[in-house]
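Q: In this note's numbering, the protein residues as written are 906 to 995.
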């Protein structure tokens, strides 16, 4: 169980770090709540940013997105982490 918790923490931190760097978010990892919405009232990301997140998933986690994937994985940092962990465990 502790391994799963540590894995999740590591994935969350990696996602936050990559999003900050790739999308020029003016915050540090500690300032980003895991449940902050990526689009809408949260980070206010757009479709170009969504494409960058897909590239991030491919380059950092070696995860290829398919059309059959439910796009709700992009709701928040937390949902992205859940998606990454599920894909890694498949």
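Note that CB positions come from ideal geometry on N, CA and C, so glycine has one too.
Rounding to the nearest angstrom, what Cα-Cα distance links residue 911 and residue 918 in this structure?
A: Counting from one through the chain shown, the residue named residue 911 turns up at place 6. Counting from one through the chain shown, the residue named residue 918 turns up at place 13. Approximately 11 Å, taken between the alpha carbons.
Q: Check this for me: beta carbons of residue 992 and residue 968, under 8 Å apart or not?
A: The count along the chain shown starts at 1 and reaches residue 992 at position 87. The count along the chain shown starts at 1 and reaches residue 968 at position 63. Their beta carbons are under 8 Å apart, which means residue 992 touches residue 968 by this criterion.
Q: List the whole-angstrom C-beta distance separating residue 996 from residue 982, where the pair is believed to meet the contact cut-off of C-beta under 8 Å.
A: Nothing in the structure corresponds to residue 996, since the chain is present only between 906 and 995.
Q: Give me the Cα-Cα distance between residue 908 and residue 934, rounded to the nearest whole angstrom.
A: Translated into positions along the chain shown, residue 908 becomes position 3. Translated into positions along the chain shown, residue 934 becomes position 29. Computed Cα separation, rounded: 22 Å.
Q: Can you give the Cα-Cα distance for residue 871 and residue 966, rounded to whole angstroms?
A: What the structure shows of the chain is the stretch from 906 to 995, and residue 871 is not part of that stretch, so it cannot be assessed.
Q: If you run the structure through DSSP and keep just helix, strand and coil, what is residue 981?
A: Residue numbering aside, residue 981 sits at position 76 when the chain shown is read from its first letter. It is a strand residue.
Q: Could you check the C-alpha separation between residue 947 and residue 916 for me, to the nearest Å?
A: By 1-based counting over the chain shown, the position of residue 947 is 42. By 1-based counting over the chain shown, the position of residue 916 is 11. So the two alpha carbons sit approximately 20 Å from each other.
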